[in-house]
Amino acid sequence: MSITVENISKSYGAFQALRGVSLDIPDSQITALLGPSGSGKTTLLRIIAGLEKPDEGSGPIRFHHEDVAGRRVQERRVGFVFQHYALFKHMSVFENVAFGLRVRPKHERPANEVIDRKVHDLLKLVQLDGMAHRFPSQLSGGQRQRVALARALAVEPRVLLLDEPFGALDARVRKQLRAWIRRLHDEIAITTIFVTHDQDEALEVADRVVVMNEGRVEQAGAPEEVFHDPATEFVMNFLGHVNVFDGRIEDGKVTFASVQIEHPAALETAAGPARVFIRPHELSLHLLPRSDSLPATVTGIHAAGPAVRLTLAADGEHTFSADISQDVYRALKVSVGAKFWVLPKDLRVFPGSAPDAGRL
Amino acid sequence: MSLRPATAEPRWVRTLLLAITMLFLAAFLVTPLVAVFTEALRKGVGAYFAGFNDPAVRSAIKLTLLTAGIAVPVNVVFGLAAAWSVAKFEFPGKSLLTTLIDLPLAVSPVVSGLIYVLVFGLNGWLGPWLKAHHLQVIFAVPGIVLATVFVTLPFVARELIPLMQEQGTEDEESALTLGASGWQTFWRVTLPNIRWALLYGVILCNARAMGEFGAVSVVSGHIRGKTNTVPLQVEILYNEYNFVAAFAVASLLAMLALVTLAAKSFIEWRMTSAPASPAVPGDPT
């Protein structure tokens, strides 16, 4: 079931949570809505579910080709999983999962044996068979999350919507559940949208990432696409650590921190100020100078990890980070105070000077 | 001298504090309670029960049960509506509403009674209209019920508002996404979530409804056998030097208090213990 929303706006008093968002969610894939808090991602999810009403003048919300904007939440057949699970505390795991089947009108309600079989199948799917008689308070966070998922799947939803599904879990369980959700989805292939503020989570789990900021979509695309080819400075900044330099575009070249580099973006753009973004792993260290490398001094070393992160200072004012492998770190005998030539292997240039604090 | 934790008082301080507490409890709570029962039984069990044979006493008991029987359900409906509005909606004047709910607790019951006399009494605002339609509120049962509803108004709402605010709306939203209607959500999700707090409010409301004296006294008119509730009947019997009967009827209120306390403690214990009920509902296989 593909989902299309067009020109969706939502404001709460003076605060505008969504500003004319249009989006296509492909069928049978996992899509991540990624953004900082206040970016409107949860509001968009709740509007798709029917838990919030978009402002007057917003466009349609289509499930496949059917416009559901006027439909009530009960009629939309969505599975919604809340960040804090929202399990019914007074019901057993079994009754929680059976809830959506038991509240159906009499003529649509399945027989007890059918409900029983279905609930047990779902509990098996989420690896909780044998827990049917437990109460939510007797389960761990990860188990509760899986009960919430089974409960949402019981009504055979057309789409599955997850609001910060791993947000309330500790780091280790979160990683396990991430991998598990991905496998589960490969099994049942239901159109899934999940909201997260964690870029690692989005890049790892999703087939498609929608980066949101201040009520707008900044970029939508495959994880590799948004990571390697960010459309805006915001996306560049939000997806992982990045070094930012103020520079200039002149004569088809980019100048920053005492180096001048040829770059395709510079050829297409008129002369003027520019911002240069380089990820730490896109820098390499060399003992000998090149025309496009900049001299820098090591001021800090963080070697506990798969890569070594160095803090470097260039001409006394620019401080930036570079990630190098443990092998290179040992071969170059890097120490604090050592001087190297730093070569950008890749970089991105956005014309214009530093953005204002709050864009309109 | 051995070291003691910084917050531990010397032994004599603890003994003194405990002694003061016990003395006050004995003087102001236990002694009167014992006195009620000893006075009631002073002339034996026969005289005790004879007190309840008086038709005026029986009528007072009936009126009290009727009043509580109306006031408590009205309170439950109002309390649920108020708590739901405050906890789940945003609207202007919300904090004013929560303050107003507490008004009956802040105002002297006699004043609340007087307000009803001013509004519904013969010389009150609505007095002439009521008289023209042959309706009597003051010095009649409707007045007693109105006054009781007023003084008990905060009890259920005050128990529910903080709980429902804390619980938020996720459980209800969850039920809606699973296809439940508004009523199904209320009966199957909201009500079970608040049942103990609701019962707690009902118990307190009932105790107050049955025991209210001041407000009811003003609007009742003390018509023997007609507009006297149990507390008013106790006063009348006492003023007539019929001590055994007065204390016998008073012992009913004392027992109500004890039952209320027991029920309250039980509910408090249920509310603080794990939310999972020990009674596992049967597997519907």
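These protein sequences, in sequence, are chains U and E. The numbering used here puts the first residue of the first sequence at 1054, with every later residue one more than the last. The numbering used here puts the first residue of the second sequence at 3, with every later residue one more than the last. Idealized CB from N, CA, C, for every residue including glycine.
### Query
By the 10 Å Cβ neighbour count, where 16 or more other Cβ atoms means buried, how is residue 51(E) classified, buried or exposed?
exposed
### Task
Decide if the region 1167-1175 of chain U is in contact with the region 145-152 of chain E; the criterion is three or more beta carbon pairs, one per stretch, under 8 Å apart.
Verdict: no, contact absent.
### Message
So that I know if they touch, is there some Cβ in chain U lying closer than 7 Å to that of residue 92(E)?
### Response
Chain U contact via Cβ: absent.
### Query
For residue 14(E), does the three-state DSSP call read helix, strand or coil?
Helix.
### Task
Say whether chain U places a C-beta atom closer than 7 Å to the C-beta of residue 181(E).
yes
### Message
Any beta carbon of chain E sitting closer than 7 Å to that of residue 1220(U)?
### Response
no
### Task
For residue 41(E), decide whether its Cβ has a neighbour in chain U, counting only Cβ atoms nearer than 7 Å.
no
### Query
For the candidate residues 140(E), 93(E), 118(E) and 163(E), whose alpha-carbon lies nearest to that of residue 103(E)?
163(E)
### Query
Taking only beta-carbon atoms, is residue 178(E) less than 7 Å away from chain U?
yes
### Query
If you follow the beta strand (DSSP E) that residue 1355(U) is part of, which residue opens it and which one closes it?
1347-1355
### Query
Which one or two residues does DSSP pair with residue 217(E) in a beta bridge?
DSSP output for residue 217(E) lists no bridge partner at all.
### Task
Could you pull the start and end residues of the beta strand (DSSP E) that residue 1371(U) belongs to?
The continuous beta strand (DSSP E) containing residue 1371(U) extends over residues 1371-1378.
### Query
Are the C-beta of residue 1196(U) and some C-beta of chain E separated by less than 7 Å?
no
### Message
Using a Cβ-Cβ distance cut-off of 7 Å, determine whether residue 106(E) contacts chain U.
### Response
no
### Task
Measure the alpha-carbon distance for residue 286(E) versus residue 191(E) and round it to whole angstroms.
Below a pLDDT of 50, predicted positions are generally treated as unreliable, and residue 286(E), at 38, falls in that range; the measurement from the model is reported next regardless. Cα to Cα, residue 286(E) sits roughly 19 Å from residue 191(E).
### Query
Quick one: complete beta strand (DSSP E) runs, 3+ long, within the region 1230-1304 of chain U?
1244-1249, 1261-1266, 1269-1274 and 1296-1303
### Task
Please confirm whether residue 1071(U) and residue 1096(U) have their CB atoms less than 7 Å apart.
yes
### Spatially closest choice to residue 1286(U) from 1238(U), 1151(U), 1191(U) and 1328(U), by CA coordinates
1328(U)
### Query
Taking C-beta to C-beta, are residue 1244(U) and residue 1087(U) nearer than 7 Å?
For residue 1244(U) and residue 1087(U), no; Cβs fall outside 7 Å.
### Task
Please confirm whether residue 1085(U) and residue 1132(U) have their CB atoms less than 7 Å apart.
no
### Query
Given residue 1163(U), which residues of its chain have a CB within under 6 Å of its CB, disregarding the five upstream and five downstream residues?
Cβ-Cβ distances below 6 Å link residue 1163(U) to 1154 in the same chain, with the five nearest sequence neighbours on each side left out; the list follows chain order.
### Query
So residue 1074(U) packs on residue 1270(U), CB below 8 Å; how close in whole Å?
6 Å
### Query
Looking at the unbroken beta strand (DSSP E) that takes in residue 1394(U), where does it start and where does it end?
1392-1397
### Query
How many angstroms separate the CA atom of residue 29(E) from the CA atom of residue 23(E)?
10 Å
### Partners in chain E for residue 1153(U), counting only beta-carbon separations shorter than 7 Å
180 and 181
### Query
If you measure from the beta carbon of residue 191(E) to each beta carbon in chain U, is any gap under 7 Å?
yes
### Query
So what's residue 1219(U) in DSSP terms, helix, strand or just coil?
coil
### Query
Quick one: does residue 287(E) have its CB under 7 Å from some CB of chain U?
Note that residue 287(E) scores 33 on pLDDT, short of 50, meaning its location in the model is unreliable; the coordinates nonetheless yield the value given after this. With 7 Å as the cut-off, residue 287(E) counts as an interface residue toward chain U.
### Query
How many angstroms separate the CA atom of residue 19(E) from the CA atom of residue 206(E)?
30 Å
### Task
Starting from the Cα of residue 1121(U), find the closest Cα among 1068(U), 1108(U) and 1056(U) and give me that residue.
The candidate whose alpha carbon is nearest that of residue 1121(U) is 1056(U).
### Query
Could you give the distance in angstroms between the alpha-carbon of residue 1156(U) and the alpha-carbon of residue 1125(U)?
16 Å
### Message
Please return the same chain residues whose Cβ sits closer than 7 Å to the Cβ of residue 1076(U), not counting the five positions on each side in sequence.
### Response
1058, 1263, 1270 and 1273
### Task
Put residue 186(E) into one of helix, strand or coil per three-state DSSP.
helix
#### Entry: Cβ of residue 175(E) within 7 Å of any chain U Cβ
yes
### Query
So, does the CB of residue 1069(U) fall closer than 7 Å to a CB anywhere in chain E?
no
### Query
Could one say the Cβ of residue 194(E) lies closer than 7 Å to chain U's Cβ atoms, at least one of them?
yes
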